[in-house]
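Participant: Have a look at this one before I ask anything.
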Amino acid sequence: MSPQKVTTAIFPIAGMGTRFLPATKSIPKEILTLVDKPLIQYAVEEAREAGIEDFIFVTSRGKGALEDFFDVNQTLERALRAAGKTELLATLEATNIDSGHVTYVRQHEALGLGHAVWCARRLVGDEPFAVILPDDMVVADRPCLAQMIEAHEEVGGSIIATMEVPPEKASSYGVLDIEERQGALIRPRGIVEKPKAGTAPSNMAVIGRYILGPRIMRHLDRRTIGAGGEIQLTDAIAHELATHPGSVHGFRFQGERFDCGSKAGFLQATVALALQREDLRGEFSTFLRAIAEQYGLGVPSAAPLRSVAAAS
């Protein structure tokens, strides 16, 4: 029997974005723009391209601007239509999510990623679902989530996106204890959330893309307190591995990951995305070369961008 199709995605976006103060004093971090799109729009577009139809945003107080962003702005659409600005109108309409396909759920307490996902339990029911963390920007020829859904159609269960990180950075991630590698798929025997320095079982770290089976929600029902005094999604996945060996796979995606939860990663993603744009590449690359020469940094190239993104 083929695995159930994944059509629902949860976006945990309840964080306060304190690392981006003062900008996030009145603007949700997810609305901050990479070039000319909010961070959250990149995540939603990735989900749409992977076949996601229903969008669940786990929010908190102060996220009203994000809800407005995905709503229809009839006044602005009428003005663009009257002015004959069809390209801008199409750009604007692409940000809308149809009524009935978007839900906003409040996380009233900051109890961790696992708790944020658990807040959406009644909406996903007994079906597999995706989880996308917008802070993790993945630039790829084929969307990361689409790659994962294809893998899920083959093996079912839960799929978690993984990437190699330098050993000294492993303590910042959930890390796989690897049993077997099968091409892009990794069979883990366990997973550890933010292991202490020097104790990580491997350098394969989990990033913010997941396809999770419905049992994960039942594990989260236990409300186990983990690292940092929070309810960790990693702990629920570890419990799934312990009780149903072979039901979870790591997935080595193709693409470049940028940590947009940090200022450096956010700037790196901005540069990488700008250089992909035909309307910006020429002028922007000329500027980067001039800046590099001014500060004695040498001529920038794509290779350093990839290495920095992987290490961030």
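Per the numbering used here: the sequence shown = residues 60 to 371. Yeah, the Cβ is synthetic: ideal placement off N, Cα and C, and Gly gets one too.
#1: Measuring straight from C-alpha to C-alpha, what distance separates K88 and A124?
#2: Once you ignore the five residues that flank G74 on each side, which residues in its own chain have a CB closer than 6 Å to its CB?
#3: Whether or not the stretch 90-99 and the stretch 206-222 are in contact is what I'm after, with contact meaning three or more pairs of Cβ atoms, one per stretch, closer than 8 Å; do they touch?
#4: Return the first residue and the last residue of the alpha helix (DSSP H) that E152 is part of.
#5: Pick from Q206, A297, T83 and F116: whose alpha carbon is nearest that of E108?
#6: For the beta strand (DSSP E) holding A189, just list the boundary residues, first then last.
#7: Under 8 Å, with one C-beta from each stretch per pair, do the stretch 140-153 and the stretch 114-129 reach the 3-pair mark?
#8: Starting from the Cα of I156, find the closest Cα among H174, D113, E186 and R137 and give me that residue.
#9: Starting from H423, trace the beta strand (DSSP E) both ways and give me its first and last residue.
#10: Could you check which residue in D280, L300, K255 and S231 has the C-alpha nearest to that of I245?
#11: Any chance you could list the alpha helix (DSSP H) runs of at least 4 consecutive residues sitting entirely within the stretch 159-237, in chain order?
#12: Tell me, to the nearest whole angstrom, how far the beta carbon of A179 is from that of I275; I am working on the premise that it is less than 8 Å.
#13: What is the DSSP secondary structure of D157, reduced to helix, strand or coil?
#14: Helix, strand or coil: how does DSSP classify Q291 here?
#15: Tell me where the beta strand (DSSP E) around M263 begins and ends.
#16: If we ignore side chains and look at the alpha-carbon of each, how far apart do E337 and E105 end up?
#17: Out of G324, F343 and A333, point me to the one whose CA is closest to R78's CA.
#18: Less than 8 Å between the CB atoms is what I'm expecting for I219 and Y269, so what's the real figure, rounded?
#19: Among all the DSSP beta bridges, which residues are the ones paired with V117?
#20: Count the other C-beta atoms from every protein chain shown that fall within 10 angstroms of the C-beta of P304, then say buried if there are 16 or more, exposed otherwise.
#21: Measuring straight from C-alpha to C-alpha, what distance separates L347 and T329?
Facilitator: So, from the data block:
#1: 10 Å
#2: none
#3: no
#4: T145 to E152
#5: Q206
#6: F188 to I191
#7: no
#8: D113
#9: Because the chain here runs from 60 to 371, residue 423 falls outside it and cannot be looked at.
#10: L300
#11: 172-177, 180-183 and 203-214
#12: The Cβ separation is near 11 Å, so there is no contact.
#13: coil
#14: coil
#15: M263 to L271
#16: 20 Å
#17: G324
#18: 5 Å
#19: P71 and V164
#20: exposed
#21: 13 Å
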